[in-house]
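Asker: Can you read through this structure? Questions will come right after.
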Amino acid sequence: MLSVEGLEVRYAHRDGALRAVDGVDLTVGRGETVGLVGESGCGKSTLGKAILRLVEPIGGRVAIDGVDVAGLKGDRLLAFRRRVQFVFQDPYASLNPRRTIGEILDGALAVHRLGDRPTRRHRVREILDRVGLPADAVDRLPHEFSGGQRQRIGIARALVLSPDLIVLDEPVSALDVSIQAQILNLLVDLKREFGLAYLFVSHDLSVVRYIADRVLVMYLGRIVECADHHVLFGEPRHPYTRALVDAVPLPDPRRPRAAIVAGDIPSAARPPSGCRFHPRCPLAIGRCADEVPSMREIAPGHAVACHLA
Amino acid sequence: MAWLFGPRRLSPLNVRRLANFRANRRGAWSLVLFLTVFAISLVSELIANDRPILIVYKGEILSPLLVDYPEEKFGGFLPQTQYRDPVIQEEIEANGFMIWPPIRYSYNTPNNEIPDPAPAKPSWMYDKEKRCARYAKGVDDLNCTLGNWNWLGTDDQARDVAARILYGFRISVLFGLMLAVVSSLVGVAAGAVQGYFGGWIDLVFQRFMEVWSSLPHLYLLLIISSMFVPSFWILLGIMLMFSWVSLVGLVRAEFLRARNFEYVRAARALGVGNLAIMLRHLLPNAMVATLTFLPFILNSSITTLTSLDFLGFGLPPGSPSLGEMLAQGKNNLQAPWLALTGFFMISLMLSLLIFVGEAVRDAFDPRKTFG
């Protein structure tokens, strides 16, 4: 349903252009949950925002059901926004503190001219109930709610337009672990009920493992590995993915661990030559510094960008 | 003060702000006092006027404040009735009666019976003999009453200072208010556009503003207002050209900060238009800064008008104006009531506004509101 080809986003930076997203391809099918993981600063949030044109991409193509999103204006852009919605990371910053929950949700419907006042009010109550919020929430302000409840409001705001795809930008990383589980379960339920597709952006592998059907691993603006979630977590092929999977804390201290990746993520303004991971890669060979590895399908549905895979 | 801050449906935040405002007792009382004086000056016509408030003449009820009656109505020949004329007064008193306002002078009415050459001292400084000397029947003249006193003396054209101060206060405040409101609107709009769109628009606009605001305002105002005959509205327009700049920086900064708030992005993701985002999500953030500055902008508007009037480039000649009163005071040092009255009125007005401004600032102070 959603297809992204060669997407590029650059930010102005004192050392020149910062390539936050540098040629990313991905697809999200109807009803599919795609996880997008990577460490901080790898461009995963920017990718999510660029798909919705919250950040304007400078190259590549984002298409929904074959329609290019880049040139859309006016009503057609509105129609696209109705189909693809966004849930933000920080439930404290993403709700206007001056507007009641009812106004926030009704505002979303009103922008899209969906129904008259009574039907909209009915729809708002329905959605609030569906995400597990009390009906009297409509007249309350965001500060009266806890973080988990606020994230439910954020999800309700995305859901109220009945979209086909929701881009979730670290939707649970600002929440307590117990609340994370509630929100994840809610997301799974909603997906089943409404046949939603998710692009789930997160740095937390255990969360992605729980929710995603397919997982993309991103490093410094590029996708390095893409596979079904149990394949990716079971037999990761890219050294970076391996390091990530091994870094997930598990309650078993005796389990042997692979080498932990040393150093920090390099600046996206001056990415390393060849394979971008080579300065930190424990397995790097001479070729890695010169030649950019391309995505190769090593098994059906499992692609890796590594010379050694 | 309950009538002013009475119960209304307010958000908890605004309730706390109101409490902060009231906690600054000086500011709160200044507002009450200022509004009282302003309300009084709004009905200046009922307090200081050269026509009666009400006339009952030959069984007919007349209201000279609302209607210009020709003098023929009372047996005269002028197109407009001179109610201060003893002949007309006698005619009316003989066929009915009239109710005068407490001060029987308007801002432009000369007192033809002043005991000394203008500027004449306040009436209470003369004894009765002297005060009534120029009236036709002397001490027994019916017009030598309290209503014809010049409580604060007259200016150099024999006009009543008390009346002029009352009208002058009104015109100053109205002018200041109008200028402050319009320049806030323009400034907020300009700052909003700059901050919201950023980039090139912001850059070009900022440079323009730097050039514009480094022009010497008062000199330009002098030059422009010596080329045109400045009416109230032309003067407002000229001063608006320079006064809108003051809020732009603030609003721009607020918009620049807020436009990347996640809830603004969220609104954009929902497909909300630019204008709606600016009005609904960004403007409320900028309103605090704007409201805090409004009393001070009002103050500087009034000061500018007063200085122009003082220099003689302000409101058209004959208008009641505090600046012109000061200029007269300067030219007539032997008549200190002119300068003193002007000085006290202006200081009172500006001080009250500053105190109100301080209270408003306290009210919106986040450290006090959330402390």
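Line order of the protein sequences matches chains A and B.
Per the UniProt record's numbering, residue 1 is the first one in the first sequence, and the count goes up by one each step.
Per the UniProt record's numbering, residue 1 is the first one in the second sequence, and the count goes up by one each step.
From the three backbone atoms N, C-alpha and C, an ideal C-beta is built for every residue, glycine too.
Keep in mind the model is a prediction, meaning the values are calculated, not measured.
Between Y240 of chain A and the rest of its own chain, which residues show a CB-CB distance below 6 angstroms, the 5 nearest in sequence each way excluded?
Answerer: To locate residue 240 of chain A, count along the first sequence from 1; it is residue 240. Closer than 6 angstroms at the Cβ level, and outside the excluded window around Y240 of chain A, lie Y219, V224, F277.
Asker: Using only CA atoms, which one of B:W337, B:I277, B:R22, B:E60 lies nearest to A363 of chain B?
Answerer: Translated into the one-based positions of the second sequence, residue 363 of chain B becomes position 363. The residue with the shortest Cα to Cα distance from A363 of chain B is B:R22.
Asker: Is there contact here, the region 234-253 of chain B with the region 305-324 of chain B, by at least three beta-carbon pairs under 8 angstroms?
Answerer: The region 234-253 of chain B is in contact with the region 305-324 of chain B.
Asker: Can you confirm whether D90 of chain A, when its beta carbon is compared against all beta carbons of chain B, has any partner nearer than 8 angstroms?
Answerer: On the first sequence, residue 90 of chain A is found 90 positions in, with the first residue counted as 1. Yes, D90 of chain A counts as interfacial toward chain B.
Asker: Would you call the region 350-357 of chain B and the region 185-201 of chain B touching, i.e. three or more CB-CB distances under 8 angstroms?
Answerer: The region 350-357 of chain B, when compared against the region 185-201 of chain B, does not touch it at the 8 angstroms Cβ threshold.
Asker: What are the boundary residues of the alpha helix (DSSP H) that includes F38 of chain B?
Answerer: Numbered from its first residue, the second sequence carries residue 38 of chain B at position 38. Start and end: 25-42.
Asker: Which of the three DSSP states, helix, strand or coil, is assigned to Q182 of chain A?
Answerer: For the purposes of this step, residue 182 of chain A is identified with residue 182 of the first sequence, where counting begins at 1. Helix.
Asker: Name the chain B residues whose beta carbon is nearer than 9 angstroms to that of A112 of chain A?
Answerer: Residue numbering aside, residue 112 of chain A sits at position 112 when the first sequence is read from its first letter. A small fix is needed here, since residue 112 of chain A is His in this sequence, not Ala. Those within 9 angstroms of H112 of chain A in chain B are L270, G271.
Asker: Are the C-beta of E262 of chain B and some C-beta of chain A separated by less than 8 angstroms?
Answerer: By one-based count along the second sequence, residue 262 of chain B stands at place 262. Chain A, which has a Cβ nearer than 8 angstroms to the Cβ of E262 of chain B, makes this yes.
Asker: Counting only the same chain and skipping the five closest in sequence on each side, list residues whose C-beta sits under 7 angstroms from that of M1 of chain A.
Answerer: On the first sequence, position 1 is the one that residue 1 of chain A refers to. Cβ within range, chain order: V28, G29, R30, I64, D65, D164, L165, A197.
Asker: How about V4 of chain A and I58 of chain A: do their beta carbons lie closer than 8 angstroms?
Answerer: In the first sequence, residue 4 of chain A corresponds to position 4, counting from 1. In the first sequence, residue 58 of chain A corresponds to position 58, counting from 1. Going by C-beta atoms, V4 of chain A is not nearer than 8 angstroms to I58 of chain A.
Asker: Decide if the region 108-116 of chain B is in contact with the region 148-162 of chain B; the criterion is three or more beta carbon pairs, one per stretch, under 8 angstroms apart.
Answerer: The region 108-116 of chain B vs the region 148-162 of chain B: in contact.
Asker: Interface residues of chain B around R98 of chain A at Cβ under 7 angstroms?
Answerer: Residue numbering aside, residue 98 of chain A sits at position 98 when the first sequence is read from its first letter. In chain order: P284.
Asker: Confirm, please, whether the CB-CB distance from L65 of chain B to I53 of chain B is below 8 angstroms.
Answerer: The residue given as residue 53 of chain B occupies position 53 in the second sequence. The residue given as residue 65 of chain B occupies position 65 in the second sequence. For I53 of chain B and L65 of chain B, yes; Cβs fall inside 8 angstroms.
Asker: Taking the alpha-carbon positions, what's the L18 of chain B to V201 of chain A distance?
Answerer: The sequence position of residue 18 of chain B within the second sequence is 18, counting from 1. The sequence position of residue 201 of chain A within the first sequence is 201, counting from 1. So the alpha carbons of these two residues sit roughly 44 angstroms apart.
Asker: Note down, in chain order, every chain A residue with its Cβ under 8 angstroms from the Cβ of A266 of chain B.
Answerer: Position 266 of the second sequence, counted from the first residue, corresponds to residue 266 of chain B. In chain order: F86, F88, S94, L95, G154, R157.
Asker: Taking H217 of chain B as the query, report the chain A residues whose CB atoms sit under 7 angstroms from its CB, ordered along the chain.
Answerer: The count along the second sequence starts at 1 and reaches residue 217 of chain B at position 217. Near H217 of chain B there are no residues of chain A at all, since even the closest Cβ is about 36 angstroms away, more than 7 angstroms.
Asker: Starting from L291 of chain B and walking both ways along the alpha helix (DSSP H), at which residues does that stretch end?
Answerer: In the second sequence, the residue the question calls residue 291 of chain B occupies position 291. Element bounds for L291 of chain B: 283-311.
Asker: Shortest alpha-carbon distance to I103 of chain B belongs to which of B:I47, B:M241, B:W244, B:L338?
Answerer: Working through the second sequence from its first residue, we reach residue 103 of chain B at position 103. Out of B:I47, B:M241, B:W244, B:L338, B:I47 has the C-alpha closest to the C-alpha of I103 of chain B.
Asker: Using CA atoms only, rank isn't needed, just tell me which of B:L275, B:P320, B:M178, B:D156 is closest to A189 of chain B.
Answerer: Against the second sequence, residue 189 of chain B aligns to sequence position 189. Nearest option by C-alpha distance: B:L275.
Asker: Might you give, ordered along the chain, the residues of its own chain that have their beta carbon closer than 8 angstroms to the beta carbon of H229 of chain A, omitting 5 neighbours on each side?
Answerer: For the purposes of this step, residue 229 of chain A is taken as the residue at position 229 of the first sequence. If we look at H229 of chain A and ignore the five residues flanking it on each side, its Cβ neighbours are G35, V208, R209, A212, D213, R214, V215.
Asker: Going by DSSP, what residue range makes up the alpha helix (DSSP H) through H230 of chain A?
Answerer: By one-based count along the first sequence, residue 230 of chain A stands at place 230. Per DSSP, H230 of chain A belongs to the alpha helix (DSSP H) from 229-234.
Asker: Out of A:V55, A:G263, A:E32, A:T33, point me to the one whose CA is closest to V21 of chain A's CA.
Answerer: Sequence index remark: in the first sequence, residue 21 of chain A carries index 21 (1-based). The candidate whose alpha carbon is nearest that of V21 of chain A is A:V55.
Asker: Beta carbons nearer than 8 angstroms to chain B: which residues of the region 46-78 of chain A have them?
Answerer: Taking 8 angstroms as the Cβ-Cβ cut-off against chain B, the residues of the region 46-78 of chain A that qualify are K49, L52, L54, L77, L78.
Asker: Select from A:G41, A:R130, A:Q151, A:C288 the residue whose C-alpha is nearest the C-alpha of E193 of chain A.
Answerer: On the first sequence, residue 193 of chain A is found 193 positions in, with the first residue counted as 1. Per the Cα distances, A:R130.
Asker: Verify whether the separation of the beta carbon atoms of D169 of chain A and F86 of chain A is less than 8 angstroms.
Answerer: Mapped onto the first sequence, residue 169 of chain A falls at position 169. Mapped onto the first sequence, residue 86 of chain A falls at position 86. Result yes, Cβ atoms of D169 of chain A and F86 of chain A sit closer than 8 angstroms.
Asker: Is it buried or exposed, V261 of chain A, if we count other Cβ atoms within 10 angstroms and call 16 or more buried?
Answerer: Translated into the one-based positions of the first sequence, residue 261 of chain A becomes position 261. Buried is the call here.
Asker: From G154 of chain A to L247 of chain B, what distance separates their C-alpha atoms?
Answerer: Here residue 154 of chain A refers to the residue found at position 154 when the first sequence is read from its first residue. Here residue 247 of chain B refers to the residue found at position 247 when the second sequence is read from its first residue. Cα-Cα distance, rounded: 34 angstroms.
Asker: Would you mind listing the alpha helix (DSSP H) stretches within the region 177-246 of chain B that are 4+ residues and don't spill past its ends, in chain order?
Answerer: Counting whole runs of 4 or more residues, the region 177-246 of chain B contains the alpha helix (DSSP H) stretches 199-213, 217-227, 232-243.
Asker: From this set, B:P12, B:L10, B:L326, B:N20, which residue's C-alpha is nearest K368 of chain B's C-alpha?
Answerer: Residue mapping note: residue 368 of chain B aligns to position 368 of the second sequence, counting from 1. Ranking B:P12, B:L10, B:L326, B:N20 by Cα distance to K368 of chain B puts B:N20 first.
Asker: Does any CB atom of chain B fall closer than 8 angstroms to the CB of R121 of chain A?
Answerer: Here the question's residue 121 of chain A lines up with position 121 in the first sequence. No, because no Cβ of chain B sits closer than 8 angstroms to the Cβ of R121 of chain A.
Asker: Just confirm the distance between the C-beta atoms of R164 of chain B and Y107 of chain B, as a whole number of angstroms; I'd bet it's less than 8 angstroms.
Answerer: Counting from 1 along the second sequence, the entry for residue 164 of chain B is found at position 164. Counting from 1 along the second sequence, the entry for residue 107 of chain B is found at position 107. Right, their Cβ atoms sit about 5 angstroms apart.
Asker: Let me check one thing: in DSSP terms, what residues is F86 of chain A bridge-paired to?
Answerer: Position 86 of the first sequence, counted from the start, is the residue given in the question as residue 86 of chain A. According to DSSP, which records beta bridges pairwise, F86 of chain A is partnered with A:V167.
Asker: Take the Cβ of A158 of chain A as the centre, count every other Cβ of all protein chains shown within 10 Å, and call the residue buried at 16 or more, exposed below.
Answerer: The residue you call residue 158 of chain A lines up with position 158 of the first sequence. A158 of chain A comes out buried.
Asker: Output needed for S294 of chain A: all residues of its chain with C-beta closer than 8 angstroms, excluding positions within five of it in sequence on either side, in chain order.
Answerer: Within the first sequence, residue 294 of chain A is the residue found at index 294, counting from 1. Same-chain partners within the cutoff: A305.
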